[in-house]
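Encoded as structure tokens, the structure appears first; notes follow it.
Residue numbers (this note's numbering): 434 to 760.
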């Protein structure tokens with residue numbers, strides 16, 4: 434892995450090695466307008482996903498599929514221009530696509546199925562049924578780049594199965610989009626759409642003996658993950674939609690300079706950009722207002738059009754999982 438250690442020091446330490454998502458999605462066979470799977474999407478994107486019921490995007494709209502893949506390729510080229518090693522998961526197998534049946538399948542955001550905290554690589558547990566197997570395409574990367582080294586490699590217990598009264602089941606659920614790393618302080622979001630109390634308790638039990646403080650951050654019920662409300666750009670500077678944080682900013686962040694993000698901007702993934710270091714930040718040109726403010730704080734902003742990626746509920750942070758972020 435180009436000699437870089439498997440370790441993530443913070444959200445904004447220099448990115449050395451990253452795993453960039455693929456672009457595979459088949460919507461569940463049955464969706465209704467108030468389905469929890471759609472709650473975090475904008476009305477426009479909710480309607481588009483409803484129209485995909487039971488369909489694989491590549492078959493339903495080949496042009497949009499090609500454009501989606503091109504977004505990721507353009508982003509990859511930018512990462513590589515900055516000297517970042519880019520790894521990719523494999524594609525889903527036919528057996529994996531069949532395994533989730535009517536729930537559909539996805540292999541489109543590497544942030545959530547597993548995550549890196551310090552020198553610990555953790556396979557999470559995803560709540561939505563179409564995402565339950567999304568970690569599998571990353572397994573070859575983890576076998577090749579994590580197992581031979583000294584970083585810990587563990588997995589959250591398999592979630593229990595649900596029933597008619599509670600289709601998701603009792604968890605545990607913990608998703609990487611909810612996990613923000615600030616040195617030995619780890620923030621974990623909880624809205625009810627993704628990570629739950631059982632997943633948080635498991636992560637705290639694993640990390641605290643290793644010297645970490647693990648803090649839960651309550652989110653409003655329409656927010657999928659913490660990184661859809663809060664982004665740490667560099668030490669002392671953050672993006673935040675405070676309306677999405679039930680209890681406001683965590684104490685550790687309250688003295689930081691902040692760039693405020695509206696609910697509409699946050700729903701469109703304005704906080705889900707990606708720091709390449711403390712000095713460089715990637716976002717979508719749709720958020721040039723925020724980019725201009727970042728530049729006034731001395732941060733260089735790179736823009737990539739990620740409109741199709743964002744239509745599925747994630748952006749640059751969601752599309753990546755770092756294996757090495759070290760200064």
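Virtual Cβ for every residue (Gly too), placed ideally from N, Cα, C.
With fewer than 16 other Cβ atoms from the protein chains shown falling within 10 Å of its own Cβ, residue 593 counts as exposed. In the structure shown, residue 482 falls within a helical segment according to DSSP collapsed to helix, strand and coil. Inter-segment contact for the region 567 to 574 and the region 440 to 447 is absent: fewer than three beta-carbon pairs are separated by less than 8 Å. Scanning its chain for C-beta atoms nearer than 8 Å, with the 5 sequence neighbours on each side dropped, one finds around residue 522 the residues 452, 454, 455, 540, 543, 570, 571, 573 and 574, in chain order.
Pairing residue 579 with residue 554 gives a Cβ-Cβ distance under 7 Å.
For residue 583, the closest C-alpha among the options 552, 737 and 727 is that of 552. Judged by DSSP in its simplified three-state form, residue 465 adopts coil rather than helix or strand. Here the alpha carbon of residue 719 sits roughly 14 Å from the alpha carbon of residue 747. Among the bridge pairs identified by DSSP, residue 755 is matched with 451. For residue 651, the closest alpha carbon among the candidates 666, 557, 644 and 661 is that of 661. Within the region 560 to 596, the beta strand (DSSP E) runs of at least 3 residues that lie entirely inside it are, in chain order, 585 to 588. DSSP places residue 527 in the helix class (H, G or I) of the three-state scheme.
When DSSP states are grouped into helix, strand and coil, residue 497 belongs to the helix group.
If you draw a 10 Å sphere on the C-beta of residue 533, you find 16 or more other C-beta atoms in it, and that means buried.
If you keep only unbroken alpha helix (DSSP H) runs of at least 4 residues inside the region 595 to 643, you get 630 to 640. DSSP places residue 457 in the strand class (E or B) of the three-state scheme.
Distance from the CA of residue 603 to the CA of residue 536, rounded to the nearest whole angstrom, comes to 18 Å. In the three-state reduction of the DSSP assignment, residue 535 falls in the helix class. The shortest C-alpha to C-alpha distance from residue 567 to any of 505, 683, 608 and 657 is the one to 608. Remark: C-beta atoms of residue 605 and residue 631 approach each other more closely than 7 Å.
Distances from the CA of residue 702 to each of 500, 473, 680 and 713 were compared; the closest alpha carbon is that of 473. In the three-state DSSP reduction, residue 692 falls in the strand class (E or B). Residue pairing by DSSP leaves residue 741 without any beta bridge partner. CA-CA distance, residue 658 to residue 619, rounds to 14 Å. DSSP, read as helix, strand or coil, puts residue 665 in strand. For residue 657, no beta strand (DSSP E) segment is defined, and its DSSP state is neither H nor E.
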